[in-house]
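Respectively, the protein sequence lines represent chains A and B. If you want the working numbering, it's the 1-based position in the first sequence plus 10. If you want the working numbering, it's the 1-based position in the second sequence plus 5. See below for the structure under consideration.
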Amino acid sequence: GNSVTQMEGPVTLSEEAFLTINCTYTATGYPSLFWYVQYPGEGLQLLLKATKADDKGSNKGFEATYRKETTSFHLEKGSVQVSDSAVYFCALPAYNQGGKLIFGQGTELSVKP
Amino acid sequence: DTAVSQTPKYLVTQMGNDKSIKCEQNLGHDTMYWYKQDSKKFLKIMFSYNNKELIINETVPNRFSPKSPDKAHLNLHINSLELGDSAVYFCASSQNVGTLGVEQYFGPGTRLTVT
């Protein structure tokens, strides 16, 4: 079945540093891929998505490219801010299981001023 | 203009009690979900309803019973609460199921603490 593996955290960066959070997947077919963000004390919000190979999703300075060759969907941001401190989840749908999303284990990011 | 709302936000109760969590979405979506997030932030789906019909029922103790009175509401009732039920429970909704995946919209969560 479909699965996703995400780099473990926590990740601690200084403000304006470059961020990469790795995500690799295994999937039947070419499902959409998602990054969700969970700010402290809140629910998950969709950060960005990509629906087919070579698509680049972007939002709030974050980017991720759907790479079929490497089965990856790494999240990047060129210059992080303190307000980016949150938990980030990579996700994809389970194959033919009624919309069920499979989430990575989450990567906690802490950005220091 | 909250999209997906849950009540209550916090729920503290004793072992053995029965409690309910309510969820409502005003997005006009057809599908709703319940997820459980444990203390390590791991998220796992519990149930999903599409047009009031149960379509996903993961391996969840039968003390947990979802109910969908209409497309906009999905409630979760938990009987005989146990310590291990302590977690954050998230409701979510999506426009349709889709085999290739559609984004889901999450509520703010209900933090359940069983003492």
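C-beta: ideal position from N, C-alpha, C; glycine also.
Run down chain A in chain order and give the residues with a C-beta less than 7 angstroms from the C-beta of residue i.
{"i": "V17 (chain B)", "result": "Going along chain A, no residue has its Cβ under 7 angstroms from V17 (chain B), so there is no contact; the nearest lies around 16 angstroms."}
{"i": "S99 (chain B)", "result": "G109"}
List, in order along the chain, the chain A residues whose C-beta lies closer than 8 angstroms to that of residue i?
{"i": "S91 (chain B)", "result": "Within 8 angstroms Cβ-Cβ: nothing; S91 (chain B) doesn't reach chain A, min ~17 angstroms."}
Alpha carbon to alpha carbon, how far is residue i from residue j?
{"i": "S98 (chain B)", "j": "M37 (chain B)", "result": "4 angstroms"}
{"i": "K24 (chain B)", "j": "A27 (chain A)", "result": "45 angstroms"}
{"i": "S73 (chain B)", "j": "I61 (chain B)", "result": "13 angstroms"}
{"i": "K122 (chain A)", "j": "T22 (chain A)", "result": "7 angstroms"}
{"i": "I31 (chain A)", "j": "Q109 (chain B)", "result": "21 angstroms"}
{"i": "L102 (chain A)", "j": "T36 (chain A)", "result": "9 angstroms"}
{"i": "V14 (chain A)", "j": "K66 (chain A)", "result": "18 angstroms"}
{"i": "H34 (chain B)", "j": "A8 (chain B)", "result": "10 angstroms"}
{"i": "Q100 (chain B)", "j": "K41 (chain B)", "result": "21 angstroms"}
Per DSSP, residue i forms a beta bridge with which residues?
{"i": "L16 (chain B)", "result": "B:L117"}
Which class does residue i belong to by DSSP, given the choice of helix, strand or coil?
{"i": "S42 (chain A)", "result": "coil"}
{"i": "D90 (chain B)", "result": "helix"}
{"i": "D94 (chain A)", "result": "helix"}
{"i": "D23 (chain B)", "result": "coil"}
{"i": "S85 (chain B)", "result": "coil"}
Contact criterion: CB-CB distance below 8 angstroms. Does residue i meet it with respect to chain C?
{"i": "Q109 (chain B)", "result": "Annotation note: the requested chain C is absent from the structure, which comprises protein chains A and B."}
By the criterion of Cβ-Cβ separation under 9 angstroms, what are the contact partners of residue i in chain B?
{"i": "L102 (chain A)", "result": "G106"}
Run down chain A in chain order and give the residues with a C-beta less than 9 angstroms from the C-beta of residue i.
{"i": "N55 (chain B)", "result": "G108 and G109"}
{"i": "P113 (chain B)", "result": "G51, E52 and G53"}
Listed in chain order, which residues of the region 68 to 94 of chain A have Cβ atoms closer than 9 angstroms to some Cβ of chain B? none
Residues, ordered as in the chain, of the region 37 to 59 of chain A that lie near chain B by beta-carbon distance below 9 angstroms: G39, Y40, P41, S42, L43, F44, Y46, Q48, G51, E52, G53, L54, Q55, L56 and K59
Interfacial residues, the region 106 to 121 of chain A to chain B, with Cβ spacing under 8 angstroms: N106, Q107, G108, G109, K110, L111, F113, Q115, G116 and E118
Short-range partners of chain A found in the region 24 to 53 of chain B, where Cβ spacing is below 9 angstroms: T36, Y38, Y40, Q42, K45, K46, F47, L48, K49, I50 and S53
Taking only beta carbons into account, state which residues of the region 11 to 26 of chain A come closer than 8 angstroms to chain B, listed in chain order. Flagged: no residues at all.
So if I threshold CB-CB distances at 9 angstroms, which residues from the region 58 to 88 of chain B count as touching chain A? I60, I61 and E63
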